[in-house]
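Asks:
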Amino acid sequence: MTDDVTNDSGPAHGVRLSAGDTEVTVDPAGGGRLSSLRVGGIELLRQGEHYGSFPMVPWCGRIELGRFRTGGDIHQMPVNAAPHAIHGTGRDTAWRTVRTSADESGRSTSAAFTYDLAEPWPYSGRVTQLVELAEDSLTLTMGVETYDDSFPAQIGWHPWFRRNLGTGKDVEIDFRPAWQEERGADHLPTGRRIEALPGPWDDCFGMPEGVDVTLTWPGALELKVTSRAEWVVVYDEQDEAVCIEPQSGPPNGLNTLPRLVTPIDPLEVSTTWSWRALA
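According to our numbering, the stretch in the sequence shown is residues 2 to 280, in order.
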């Protein structure tokens, strides 16, 4: 069963999806973010206006001094993490709910959202995000297409997973990157690839076979973050949460590793979070 919605950013409390004992709430008016992910009654995401899990689009991480170049043009983005611009504009934009789909029991299990690129982004285009929930997994798919000129873009997600679920020990992070992007004093990659260093991290890693990171809350839950994307930022410098951020390119990638969105070649990336109970 499908319910089509065309001009609505969703109800004030968000769009709720459920499957088995899992519930997801998406807040289209709040930047298309996941405001809640509950598995077996346990909230996995840090709560708050700036937390949950938000889409990073049309760029990920920091842009050096907020500037990027396309051809002979230099574009200036708002500096919101001085002296840089960070995490794109999608998280500050109201998205429209365009479709929800339900299973045979009538519970909504998927939803699609969109918004049109606008100032301060200098190019016209459309961003879409599909959220698909199963009993033991969540898949997020995001795409960027252009209406006119080609432009560089990136896609990623910035989930804030709770460090402790209140059931025992803090979360453990396990992954095997091929390299780490050396981070300069300005928090941008220097261009050097180094062996992965021990945490704590606010760092970008290369995983050319695809992102594959496991979070384990001992005795409670194991959650895997996977994606065909080849880059992941891991951030665990805060006491309350850790972030595992699959993304289509490295920080400052609009300048150092641009991926063009063209009329015949849109950008699309997916990530899947899958989990199993350990108790």
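Ideal Cβ positions, reconstructed from N, Cα and C, are used throughout, including at glycine.
Quantities reported herein were computed from a predicted structural model and do not represent experimental measurements.
Rounded to the nearest angstrom, what separates GLY89 and MET143 at their Cα positions?
Replies: C-alpha separation (whole angstroms): 14 Å.
Asks: List the residues that DSSP assigns as beta-bridge partners of CYS205.
Replies: DSSP, once it has assigned bridges, lists VAL234 as partnering CYS205.
Asks: With 16 as the cutoff for other CB atoms within 10 Å, does GLU241 come out buried or exposed?
Replies: Exposed, by the Cβ-count rule.
Asks: Would you grab the beta carbon distance between GLY169 and PRO219 for me? Rounded to a whole angstrom, and I think it's under 8 Å.
Replies: Right, the Cβ-Cβ distance comes to about 6 Å (below 8 Å), so this counts as a contact.
Asks: Leaving aside the five residues before and after ALA179 along the sequence, list all residues of the same chain whose C-beta is less than 7 Å from its C-beta, in chain order.
Replies: Counting only Cβ-Cβ distances below 7 Å, and skipping sequence neighbours, we find GLY207, MET208, PRO209.
Asks: Compute the Euclidean distance between the alpha carbons of ARG97 and GLY126, then round it to the nearest angstrom.
Replies: ARG97 and GLY126: Cα-Cα distance of roughly 15 Å.
Asks: How should ASN81 be labelled, buried or exposed, when 16 other C-beta atoms within 10 angstroms of its C-beta is the threshold for buried?
Replies: Burial call: exposed.
Asks: Would you call ASP5 buried or exposed, if buried means 16 or more other Cβ atoms sit within 10 Å of its Cβ?
Replies: Because the pLDDT at ASP5 is just 43, under 50, the model does not fix this residue reliably, and the value given afterwards should be weighed accordingly. ASP5 comes out exposed.
Asks: Excluding sequence positions up to five away, which residues of its chain have a Cβ less than 6 Å from the Cβ of SER249?
Replies: Answer for SER249: GLN155, ILE156, ALA230, VAL270, listed in chain order.
Asks: Could you check if GLY53 is buried or exposed, using at least 16 other CB atoms within 10 Å of its CB as the buried criterion?
Replies: The residue in question, GLY53, is buried, as its Cβ has 16 or more Cβ neighbours within 10 Å.
Asks: Threshold first: 3 residues or longer. Then list the beta strand (DSSP E) segments lying entirely within the region 48-128, N to C.
Replies: Counting only runs of 3 or more, we get 54-57, 68-71, 74-77, 97-103, 109-117.
Asks: Assuming THR110 and LEU18 form a contact by the criterion Cβ under 8 Å, report the distance between their Cβ atoms to the nearest whole angstrom.
Replies: Correct: roughly 6 Å between the Cβ atoms.
Asks: Grouping DSSP H, G and I as helix and E and B as strand, with all else coil, what is PRO190?
Replies: Residue state, collapsed to three classes: strand.
Asks: Does DSSP put GLY31 in a helix, a strand or coil?
Replies: If DSSP states are grouped into helix, strand and coil, GLY31 belongs with the helices.
Asks: Examine the Cβ distances between the region 71-86 and the region 191-202 and report whether three or more of them are shorter than 8 Å.
Replies: With a cut-off of 8 Å, the region 191-202 and the region 71-86 do not count as touching, because too few Cβ pairs lie within range.
Asks: Secondary structure at LEU279, three-state DSSP: helix, strand or coil?
Replies: Of the three classes helix, strand and coil, the one that applies to LEU279 here is coil, per DSSP.
Asks: Enumerate in chain order the residues of its own chain whose CB-to-CB distance from GLY254 is below 6 Å, with the five nearest sequence positions on each side excluded.
Replies: Once the five neighbours on either side are set aside, the close Cβ partners of GLY254 are GLN155.
Asks: Excluding the 5 residues preceding and the 5 following LEU38 in the sequence, name in chain order all residues of the same chain whose CB lies nearer than 6 Å to its CB.
Replies: Excluding sequence neighbours, LEU38 sits near VAL25, LEU45, LEU46.
Asks: Which same chain residues, not among the five before or five after GLU183, have their C-beta less than 8 Å away from its C-beta?
Replies: These residues qualify, in order along the chain: PRO190, THR191, GLY192, ARG193, ARG194, ILE195.
Asks: With 16 as the cutoff for other CB atoms within 10 Å, does HIS85 come out buried or exposed?
Replies: So HIS85 counts as buried.
Asks: Going by other Cβ atoms of all chains shown within 10 Å of its Cβ, with 16 needed for buried, is ARG163 buried or exposed?
Replies: Label assigned to ARG163: buried.
Asks: Using the C-alpha atoms, what's the distance from ARG260 back to ASP268?
Replies: Position check: residue 268 holds Leu in this sequence, whereas Asp was assumed. Near 8 Å, if we compare the C-alpha coordinates of ARG260 and LEU268.
Asks: Between the C-alpha atoms of THR94 and PRO123, what's the straight-line distance to the nearest angstrom?
Replies: Those two C-alpha atoms are separated by around 15 Å.
Asks: Can you list, in chain order, the residues of its chain whose CB lies under 8 Å from that of VAL58, leaving out five sequence neighbours each side?
Replies: GLY89, THR90, GLY91, VAL128, MET143, VAL145, ALA154, GLN155, ILE156, GLY157, listed in sequence order.
Asks: Could you tell me if the beta carbon of SER151 falls within a distance shorter than 6 Å of some heavy atom in the ligand FMN?
Replies: Of ligands this structure carries none, so the ligand FMN is not represented either.
Asks: For the alpha helix (DSSP H) that contains THR257, what are its first and last residues?
Replies: From DSSP, the alpha helix (DSSP H) with THR257 extends over 254-257.
Asks: From which residue to which residue does the beta strand (DSSP E) around ARG163 run?
Replies: It spans 157-163 - the beta strand (DSSP E) in which ARG163 sits, taken as one unbroken run.
Asks: Exposed or buried, what is SER36 when buried is set at 16 or more other beta-carbons lying within 10 Å of its beta-carbon?
Replies: By the 10 Å Cβ count, SER36 comes out buried.
Asks: Distance, Cα to Cα, SER228 vs GLY33?
Replies: About 19 Å.
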